[in-house]
Amino acid sequence: MAPGAPSLMLLLLLGLLLLPLLPGLPPRATGCPAACRCYSATVECGALRLRVVPPGIPPGTQTLFLQDNSIAHLEQGALAPLAALRHLYLHNNTLRALESGAFRAQPRLLELALTGNRLRGLRGGAFVGLVQLRVLYLAGNQLAKLLDFTFLHLPRLQELHLQENSIELLEDQALAGLSSLALLDLSRNQLGTISREALQPLSSLQVLRLTENPWRCDCALHWLGSWIKERGRRLLSSRDKKITCAEPPRLALQSLLEVSGGSLICIPPSVNVEPPELTANLGEDLQVACQASGYPQPLVVWRKVPKPRDGKPQAQAQLEGGAPGLGTHATRDTGSGMLFLTNITLAHAGKYECEAANAGGKARVLFHLLVNASRQQSQQPSAPQAPDTRPVGQEPQHKTGSMAFRALGLATQTAIAAAIALLALTALLLAAMICRRRRRRKKGPAPPGEGTLFVNDYSDGPCTFAQLEELRDERGHEMFVIDRSKPLFAEVPPEEPTEQNPAEGLISGLRLPPRVAYEIHC
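Numbered by our numbering, the letters in the sequence shown go through residues 3 to 524 in order.
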């Protein structure tokens, strides 16, 4: 071995041991999911057609890319080992819902991207545990409503992106708990109105985007215009100030900031139930409509008015989803609300209240339901009847003189119907034959050998069509007149006498009586 070889071998061995510790080199980490890329504290699994979160992600991962896949559901505990996660990107997947507590194991998460999924609603506990979250992307989903306390568990959230959804309802407490929020983007939704109470919790708000919504410029939006003019201008850029009215038609396409406060009006609701009182039988189903009018279109709600106890009225119970055990259901809708009562019992009897409310006020009307208890008595068990001992096929006997068709047996009803159908068919065939013969007589030529016409008066002898004259009277009626002066048969030139049959000689020697005419009317 050459001098210095042992020292060279020691250097090479030392370099191999220190190679994994050199910075800047991205060797594949142990335990990285298949087809993913893992380096430092980052795992990239984007655009791999994944349907679930892949197993085997290192527990120390801080940034996880799962975008552009087909993940439709976050399995329970799929993210539980990733307690150190800081950034999670799940945009452009097919998520339809978020289970309550889906991110409970990520208390250090700072950024969550759920853009471009198919979320239609958010449960109240969907973001439980995200106490450090700063940015939440929910744009490009299918959200239609934001219910109260949806974001209650995000005290440090600073940016909330909700643009390009279908949000048409923002409840008053939907944004409760977002005291640190600085940016709220609600542009390109279906919002027609927004209440002052909805934005009141946003004490740190600096940027507000409300453009490209179908705003209904009525009295409910009067506060927004005043608020923007007085204090909210600093929140809106020149582009975000273009809050355009979609209705009423007289204010369409006008900017809310340019509409005077006197033009933002509401019409208080009026409500009507017809009939105001109704009697129903036990076991029946009932539907009662409550019609309301006003501007904006009122929201209609049914309530059951409880009976007072000891002279003190009780709290009213709103009928949404049904009253337990009563088979009751009421719709909560705009313009009209239906009260559905199924399998009516005595417990359904009483008073119901229909309330219609809009930004202009509220209106109520009472509906009184009475229940007829006669059916309950008729449903009491009666004495058992004697078994039917008549022979099979024998018709039941009915009262004398009863002509009710339904009282007959099935076989008898079928026979009568068949006989009626046969008679009707026979009549149609006879009528067709008569019409056909009449047409032949009027239009078609007479068949050969049928040239003789006989009349009732046989004393004058037979006649032929050659003796008929067609006449027309003053009113246009046509008739045929028999002219006896004409020969019975067409004249033929005389021929040489030949031997004749005695019958033929008798006809040729027949002497015609004096001229007699008979009228035949057609």
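C-beta atoms are modelled at their ideal positions from N, C-alpha and C, and glycine is treated no differently.
These figures come from a predicted structure and were not determined experimentally.
Rounded to whole angstroms, the gap between the alpha carbons of Pro-270 and His-224 is 16 Å. From the listed residues Val-133, Arg-122, Gly-123 and Leu-164, the smallest Cα separation to Leu-111 is found for Val-133. Collapsing the DSSP output to three states places Leu-97 in coil. In chain order, Val-307, Leu-368 and His-370 place their CB closer than 6 Å to the CB of Lys-353, counting only its own chain and leaving out the 5 sequence neighbours on each side.
Taking Glu-357 as reference, the option from Ala-291, Leu-253, Ala-375 and Ser-376 with the minimal CA-CA separation is Ala-291. When the five nearest sequence neighbours on each side are left out, the beta carbons in the same chain lying within less than 8 Å of the beta carbon of Arg-53 are those of Asn-71, Ser-72, Ile-73 and Ala-74, in order along the chain.
Unbroken beta strand (DSSP E) stretches of 3 residues or longer found wholly inside the region 226-265: 247-249, given in chain order. Bridge pairing for Cys-40: Val-45 [DSSP].
A distance below 8 Å separates the beta carbons of Gln-160 and Ala-184. One Cα belongs to Tyr-297, the other to Leu-81, and the distance between them is close to 49 Å. DSSP places Glu-199 in the helix class (H, G or I) of the three-state scheme. Here Arg-211 has Asp-187, Ser-189 and Asp-242 as same chain residues with Cβ atoms under 6 Å from its own Cβ, once five neighbours each way along the sequence are excluded. Between Thr-281 and Leu-372, the alpha-carbon positions lie close to 4 Å from each other. Under DSSP, Ile-269 takes part in a beta bridge, and its partners are Tyr-297. Residue pairing of His-163 in beta bridges, as defined by DSSP: Tyr-139 and Asp-187. Taking 8 Å as the cut-off, the Cβ atoms of Val-130 and Glu-113 do not count as close. Sequence-distant partners of Ser-295 (beyond 5 residues in either direction) whose C-beta falls short of 6 Å from its own C-beta, in its chain, are Ser-272.
Three or more Cβ pairs drawn from the region 115-129 and the region 150-164 lie within less than 8 Å of each other, which places the two stretches in contact. By the neighbour-count definition (other C-beta atoms within 10 Å, threshold 16), Ala-429 is an exposed residue. Ala-85 and Val-302 have their C-alpha atoms some 47 Å from each other. Annotated three-state conformation of Ala-178 is coil, per DSSP. An exposed status is given to Gly-58, since fewer than 16 other beta-carbon atoms sit within 10 Å of its beta-carbon. Within the model, the alpha-carbon separation for Ala-254 versus Cys-268 is close to 16 Å. A straight line joining the alpha-carbon of Leu-50 with that of Gln-289 spans about 53 Å. At a Cβ-Cβ threshold of 8 Å, Leu-156 and Leu-135 count as neighbours. For Thr-117, same chain residues with a beta-carbon under 8 Å away, outside a window of 5 residues either side, are His-93, Asn-94, Tyr-139, Leu-140, Ala-141, Gly-142, Asn-143 and His-163 in chain order. Classified as buried, Asn-191 has 16 or more neighbouring CB atoms from the shown chains inside 10 Å of its CB. Taking Glu-166 as the centre and dropping the five residues before and after it, the same chain places the C-beta of Ala-141, Gly-142 and Arg-190 closer than 6 Å to its C-beta, in chain order. Per DSSP, the beta bridge partners of Leu-210 are Leu-186.
For Cys-356, the enclosing beta strand (DSSP E) has its first and last residue at 352-360.
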